[in-house]
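S.K.:
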Amino acid sequence: MAEFANLFNGFATVLAFQDVNIFGTQMYLPFNVFLMVVGIVLGVIIGVLPGLGGANGVAILLPLTFSMQPTSAVILLSCIYWGALFGGAITSILFNIPGEPWSVATTFDGYPMAQQGRAGEALTAAFTSSFIGAFFAVIMITLLAPMVAAFALRFGAAEKFAVYFLAFASFVGLSKEPPFKTLAAMVIGFALATFGTDHMTGSLRLTFGSQYLLPGFDFLIAVIGLFGIGEILLTMEEGLKFKGKDAKINLRVVLDTWKKLPAYWWTYLRSCLIGCWMGITPAGATPASFMSYGIAKRVSKNGKNFGNGEIEGVIAPETAAHAAGKSALLPMLALGVPGSPTAAVLLGGLLIWGLQPGPTLFTENSEFVWGLIASMYLGNVVGLIIVLTCVPLLAAILRVPFGIIAPIILMFCAVGAYTVRNSFFDVIMMLAFGLLGYLFKKTNYPLAPLVLAMVLGDRAEEAFRQALVGSGGSLGVFFSNGLVSTIMALGFIALFWSVISAGLSRIRGTAPATAG
Amino acid sequence: MSGDGNAADQGPAHRTIELAVAAGIGIFAILVVYGALQAGIGWGFEGPKAGFFPFIMGTILIGATAMNLWHAFQGSRTKVFADWGALKQVGAVTIPIAVYIVLIPFIGIYISSAILIAYFMQRISSYGVVRTALVSIGVPLVTFFVFERWFLVALPKGPLEAMLGY
Amino acid sequence: MIQSKRNSLFVAAAALGVALSGTPASAQWEPQRTVEIIVPAGTGGGADQMARAIQGIVAKHNLMKQSMIVVNKAGGAGSEGFLDVKGSAGNPHKLIITLSNLFTTPLGTNQPFSYKDFTPVAMLALDEFVLWVNAEKPYKNVKEFLEAAKKGGFKMAGTGSRQEDQIITAAIEKAAGVKFTYVPYRGGGEVAVQLVGNHADATVNNPIEAVAHWKGGKLRPLCVFDGKTLPYNEKIAGDAAWSSIPTCKSQGLDVEYLMLRGFFMTPGATPEQVKFYVDLFQKVRATPEWKDLMNNGAFNTTFMTGKEYVEWVSKEHTRHLNLMKEAGFLSTN
Numbered sequence: 001m002a003e004f005a006n007l008f009n010g011f012a013t014v015l016a017f018q019d020v021n022i023f024g025t026q027m028y029l030p031f032n033v034f035l036m037v038v039g040i041v042l043g044v045i046i047g048v049l050p051g052l053g054g055a056n057g058v059a060i061l062l063p064l065t066f067s068m069q070p071t072s073a074v075i076l077l078s079c080i081y082w083g084a085l086f087g088g089a090i091t092s093i094l095f096n097i098p099g100e101p102w103s104v105a106t107t108f109d110g111y112p113m114a115q116q117g118r119a120g121e122a123l124t125a126a127f128t129s130s131f132i133g134a135f136f137a138v139i140m141i142t143l144l145a146p147m148v149a150a151f152a153l154r155f156g157a158a159e160k161f162a163v164y165f166l167a168f169a170s171f172v173g174l175s176k177e178p179p180f181k182t183l184a185a186m187v188i189g190f191a192l193a194t195f196g197t198d199h200m201t202g203s204l205r206l207t208f209g210s211q212y213l214l215p216g217f218d219f220l221i222a223v224i225g226l227f228g229i230g231e232i233l234l235t236m237e238e239g240l241k242f243k244g245k246d247a248k249i250n251l252r253v254v255l256d257t258w259k260k261l262p263a264y265w266w267t268y269l270r271s272c273l274i275g276c277w278m279g280i281t282p283a284g285a286t287p288a289s290f291m292s293y294g295i296a297k298r299v300s301k302n303g304k305n306f307g308n309g310e311i312e313g314v315i316a317p318e319t320a321a322h323a324a325g326k327s328a329l330l331p332m333l334a335l336g337v338p339g340s341p342t343a344a345v346l347l348g349g350l351l352i353w354g355l356q357p358g359p360t361l362f363t364e365n366s367e368f369v370w371g372l373i374a375s376m377y378l379g380n381v382v383g384l385i386i387v388l389t390c391v392p393l394l395a396a397i398l399r400v401p402f403g404i405i406a407p408i409i410l411m412f413c414a415v416g417a418y419t420v421r422n423s424f425f426d427v428i429m430m431l432a433f434g435l436l437g438y439l440f441k442k443t444n445y446p447l448a449p450l451v452l453a454m455v456l457g458d459r460a461e462e463a464f465r466q467a468l469v470g471s472g473g474s475l476g477v478f479f480s481n482g483l484v485s486t487i488m489a490l491g492f493i494a495l496f497w498s499v500i501s502a503g504l505s506r507i508r509g510t511a512p513a514t515a516g
Numbered sequence: 001m002s003g004d005g006n007a008a009d010q011g012p013a014h015r016t017i018e019l020a021v022a023a024g025i026g027i028f029a030i031l032v033v034y035g036a037l038q039a040g041i042g043w044g045f046e047g048p049k050a051g052f053f054p055f056i057m058g059t060i061l062i063g064a065t066a067m068n069l070w071h072a073f074q075g076s077r078t079k080v081f082a083d084w085g086a087l088k089q090v091g092a093v094t095i096p097i098a099v100y101i102v103l104i105p106f107i108g109i110y111i112s113s114a115i116l117i118a119y120f121m122q123r124i125s126s127y128g129v130v131r132t133a134l135v136s137i138g139v140p141l142v143t144f145f146v147f148e149r150w151f152l153v154a155l156p157k158g159p160l161e162a163m164l165g166y
Numbered sequence: 001m002i003q004s005k006r007n008s009l010f011v012a013a014a015a016l017g018v019a020l021s022g023t024p025a026s027a028q029w030e031p032q033r034t035v036e037i038i039v040p041a042g043t044g045g046g047a048d049q050m051a052r053a054i055q056g057i058v059a060k061h062n063l064m065k066q067s068m069i070v071v072n073k074a075g076g077a078g079s080e081g082f083l084d085v086k087g088s089a090g091n092p093h094k095l096i097i098t099l100s101n102l103f104t105t106p107l108g109t110n111q112p113f114s115y116k117d118f119t120p121v122a123m124l125a126l127d128e129f130v131l132w133v134n135a136e137k138p139y140k141n142v143k144e145f146l147e148a149a150k151k152g153g154f155k156m157a158g159t160g161s162r163q164e165d166q167i168i169t170a171a172i173e174k175a176a177g178v179k180f181t182y183v184p185y186r187g188g189g190e191v192a193v194q195l196v197g198n199h200a201d202a203t204v205n206n207p208i209e210a211v212a213h214w215k216g217g218k219l220r221p222l223c224v225f226d227g228k229t230l231p232y233n234e235k236i237a238g239d240a241a242w243s244s245i246p247t248c249k250s251q252g253l254d255v256e257y258l259m260l261r262g263f264f265m266t267p268g269a270t271p272e273q274v275k276f277y278v279d280l281f282q283k284v285r286a287t288p289e290w291k292d293l294m295n296n297g298a299f300n301t302t303f304m305t306g307k308e309y310v311e312w313v314s315k316e317h318t319r320h321l322n323l324m325k326e327a328g329f330l331s332t333n
């Protein structure tokens, strides 16, 4: 198979020793491997700092790479991206603050685990799952690139809407909260997503003449506030307890956790498939993580315990997010369509380095493409080693007393909120969302449907309207061919399945359901 | 303040807060509907107009809120939301955070953060002056280098940083 | 091990930041602080790429003592960025890179700013637009395409709404007496793929957004919306080069459109301050990296400053006003 020969050439490119001049010293070393390590470490740092996401991190460092070979540059930048994917989970688990949008679903079970003193276990599971998801995606890219690219081409606006619909349908209807509160929370999310510029008509809506509302509400601001600040307020109310203090902290936790993971092979496989699919279509890592969590909760025999620190609730979203994050690079390389904001920035980089993403990239710049793919394999392994060795260190952060860690978290929340869009108004909104998060938690409005609606809302609306404009207003466009009809049908099944199962459990009696 | 006599000694009634939250959501929903009507909810020459989708969302939200208000109204009158002491604790962090955010545009995020950390370490916990000084100056300083120097990300800065040439 | 590498990267970044290059001391004005380039669009778009390329070139060649950072303020179709610069009067450390939304956003959304609020610095390039169709389609030239389009139901995919792509579409409709269904997408790459996947019938993508699919034999360029053919002779698809695409006018479709890639400063900037940046951009233009960038994107490399630039901008404003009025894109509120 030609792919394997290419891939081995790619490994050779990555591992090659080069004469390089680093800071005035002439050195002979595998420069690309060096860049890989630097990239992962920087990426983890970027992923940990909320707001300074992968896209920002890559954009900021892009100009620094112009003097490098394109292959070296893209290895550095893509490793930052992998690092950020790993890093996003850290703050989700430790402080309930998702460092990246796709780690929101990781907080649902990761944070409860940390509170029960199982932070090390949650981190290990998250990192390992990330690794498996990413590795699966890379194998798929290696073997199926042309086929997958052709599949991605079949996704027009209607198909995209169907994918968002399916992602949403798989997640809703899962909360234990009162149904009308769930509905209200979900609709608030959709409504928040519509503020600002309407991308379809270019006109403004719901800005009420205010300049501050022009950009709308950013998903990350809402998440930092609702989850991060809200959690600090709850902790204060409960009297300054951070429960992770007596966690056992040593490297054994990694091995102990690994022993548990093989039992979840089916969760892994399912999450990998969901992730790859969502990464290619391209819906992205965030919907993938929610969808995977939702499905896992439904089909798992421990489903009732999701949300209380179930390890499967960490595995499912993390695996899917990373499978999606990696496979999102494929449409970028093969079609020039970024599957994620970070991929968009990388795409800009490719153009500046004089590489044309698209069908010809694989043949014309095969050294570059296979070098990049090889670096995904190696970067993943390097990344896993780096982050796993940090697990005890990270878990130890929870030993820092609340009086010190709380203001530092607050500072990073403020920094994160500001850097998302360089807007001071966002910092104020962060606090507003924080208070809202506290009140919603106390009054039983679920936050998860709200954030999911917010992240999917505007894109789903856009795809919906694009499809309708194209069809001249006929809803038939959502059932106009086999692909879109199948996805829509799956979506409806997922949607009504939850209604049916909720109905069934009510008939059987609700009391045992909430006991777990 | 709760209108309920016997719960008021421990804290506000849960029912009061429920009603307030639902009412707040109701106001938000009305705003959304109003804004959507401004943007136009019909079918323009580019397909559905900008307000079409928010209008539907706003309308559903008004319906859901009506149900929630009804449920909240029927809810227990004696259940306490949280006792006053706990709420005082929440206020003890919310107010400093609000002050912190207001300070940022004037003195920059780094100095404000130093003050916030120092306040927490002194007032909410009680650490020694030396330790407080080390942490409250050290953390923003490291952050400064990470953002302004490594990543070349400009965060809000005040007169002190301007004096130093940033 | 990790620690030391992090440090060395820090050294590198710091060195780039405060590169004490040997520029001779003079009485001329120069930036005292970090210079911010505001991009009134999202990360990854054409303006953003150009701003970041300039940032990289300035850092690499030590063209300025202070460092340069790029800040995206995309909200409200770019109004966020423009209003920020408008509100920073007298701050000589802030520039804005513009695209057509300098004209279209105030006209289309009624936001309170106009090109007159800003101090013009220089036009660095103009972005070209090309009419693309799917290569499987039978029409080989503009005439055949318009014949087919007259039957109706053609979908034109484009970037954004009431912005350059839709304005060009409206201009084609008017010039040729056809009607398209315009479907807006977020980015040029996505638009090109919609065309490749046959979800649209035509696009007016920039060269750089569609070139890979042209090379791959998936798309076919019909004409370029410029007054003259492009000067790039390098073979791209078979024997075809950018220079072999005819102008739309020569094909009987009288539409011309070029998009500004230029810089403006905050209101009230002094001539010395403007001069510094004009000189800086001259130096940027002389670098090989810049030339590569122009080449890859098949840009129109017209450079303008001063009065000439101001006149060009005001003429473009009038043109956009007329085009948008005719198309019914002006703000109604």
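Chains as they are written, first to last, in this note's numbering: chain A, 1 to 516; chain B, 1 to 166; chain C, 1 to 333. Every residue, glycine too, gets a C-beta built ideally from N, C-alpha and C. Predicted model, so just to flag it, every value in this text is computed and none were measured.
For the stretch 167–200 of chain A, list the alpha helix (DSSP H) runs that are entirely contained and at least 4 residues long, ordered along the chain.
M.R.: 179–193
S.K.: With a CB to CB cut of under 6 Å and the five nearest residues on each side skipped, what residues in its chain are close to C/Ala192?
M.R.: Asn205, Glu209, Ala210 and His213, listed in sequence order.
S.K.: Would you mind reading off the limits of the alpha helix (DSSP H) that contains C/Cys223?
M.R.: First-last for C/Cys223: Leu219 to Val224, but that is the beta strand (DSSP E), not the alpha helix (DSSP H).
S.K.: Does the distance from the CB of A/Gly275 to the CB of A/Ala324 come in under 8 Å?
M.R.: yes
S.K.: Residues of chain B with CB closer than 9 Å to the CB of C/Arg33, please, in chain order.
M.R.: Ala162, Gly165 and Tyr166
S.K.: Please compile the residues from chain B whose C-beta is within a distance smaller than 9 Å of the C-beta of C/Glu36.
M.R.: Chain B residues near C/Glu36: Ala154.
S.K.: Look up B/Trp150 in the DSSP assignment and say whether it is helix, strand or coil.
M.R.: Helix, per DSSP.
S.K.: Is the beta carbon of C/Asp127 closer than 8 Å to that of A/Gly354?
M.R.: Taking the C-beta atoms as reference points, C/Asp127 is found no nearer than 8 Å to A/Gly354.
S.K.: Are the beta-carbon atoms of A/Arg214 and C/Gly76 separated by less than 8 Å?
M.R.: Arg is not the amino acid found at residue 214 of chain A; the sequence shown has Leu there. Result yes, Cβ atoms of A/Leu214 and C/Gly76 sit closer than 8 Å.
S.K.: Please report the residue range of the alpha helix (DSSP H) in which B/Asn68 lies.
M.R.: Phe52 to Gln74
S.K.: Got a sec: is the Cβ-Cβ distance from C/Ile167 to anything in chain B below 8 Å?
M.R.: no
S.K.: What does C/Ser67 touch in chain B if you count any residue whose Cβ is under 9 Å from its own?
M.R.: Within chain B, the residues placing a beta-carbon under 9 Å from that of C/Ser67 are Leu152, ordered along the chain.
S.K.: Taking A/Thr182 as the reference, give the member of A/Leu398, A/Arg459, A/Phe440 and A/Phe492 with the closest Cα.
M.R.: A/Phe440
S.K.: With a 10 Å radius around its C-beta and 16 neighbouring C-beta atoms as the bar for buried, classify A/Phe66 as buried or exposed.
M.R.: buried
S.K.: For A/Glu461, does the count of other Cβ atoms within 10 angstroms reach 16, so buried, or fall short, so exposed?
M.R.: Buried: at least 16 other Cβ atoms inside 10 Å.
S.K.: How about the stretch 220–230 of chain C and the stretch 176–191 of chain C: do they share at least three Cβ pairs that are nearer than 8 Å?
M.R.: no
S.K.: Please state the DSSP three-state secondary structure of C/Glu36.
M.R.: strand
S.K.: Interface residues of chain B around A/Lys304 at Cβ under 7 Å?
M.R.: Correct list: empty, because the minimum Cβ distance to chain B is about 24 Å.
S.K.: Output the boundary residues of the beta strand (DSSP E) element that contains C/Tyr139.
M.R.: Neither: C/Tyr139 is in no beta strand (DSSP E) and is coded neither H nor E.
S.K.: Chain A partners of C/Glu289, CB-CB under 7 Å?
M.R.: Phe66
S.K.: Count the other CB atoms, across all protein chains shown, that sit within 10 Å of the CB of B/Ile101; report buried if there are 16 or more and exposed otherwise.
M.R.: buried
S.K.: In angstroms with no decimal places, state the Cα-to-Cα distance between C/Glu80 and A/Ala5.
M.R.: 50 Å
S.K.: Which one of C/Gln282, C/Glu272 and C/Pro221 has the shortest CA to CA distance from C/Phe129?
M.R.: C/Pro221
S.K.: Would the stretch 136–151 of chain A count as touching the stretch 410–424 of chain A if we require 3 or more Cβ pairs under 8 Å?
M.R.: no
S.K.: Is it true that the CB of A/Ser72 sits closer than 8 Å to the CB of A/Asn32?
M.R.: yes
S.K.: Apply the 10 Å Cβ neighbour rule to A/Ile507 and answer buried if 16 or more other Cβ atoms are within range, or exposed otherwise.
M.R.: exposed
S.K.: Can you give me the start and stop residues for the beta strand (DSSP E) that C/Lys94 sits inside?
M.R.: Lys94 to Thr98
S.K.: From this set, C/Ile245, C/Gly238, C/His93 and C/Lys218, which residue's C-alpha is nearest C/Pro231's C-alpha?
M.R.: C/Ile245
S.K.: Starting from the C-beta of A/Tyr438, find all residues in its chain whose C-beta is less than 7 Å away, skip the five residues before and the five after it, and write them out in chain order.
M.R.: Gly230, Leu233 and Leu234
S.K.: Under a CB-based cut-off of 8 Å, is C/Val191 close to chain B?
M.R.: no
S.K.: Should B/Ile117 be listed as close to the ligand ADP, given that the test is whether its C-beta is under 7 Å from any heavy atom?
M.R.: The model depicted lacks the ligand ADP and carries no ligand whatsoever.
S.K.: Please check if any C-beta of chain C sits within less than 8 Å of the C-beta of A/Gly189.
M.R.: Not one chain C Cβ lies under 8 Å of A/Gly189.
S.K.: Would you kindly work out how many angstroms separate the C-alpha atoms of A/Phe180 and B/Phe147, rounded to a whole number?
M.R.: 43 Å
S.K.: Examine chain B for any beta-carbon lying closer than 8 Å to the beta-carbon of C/Val58, and answer yes or no.
M.R.: no
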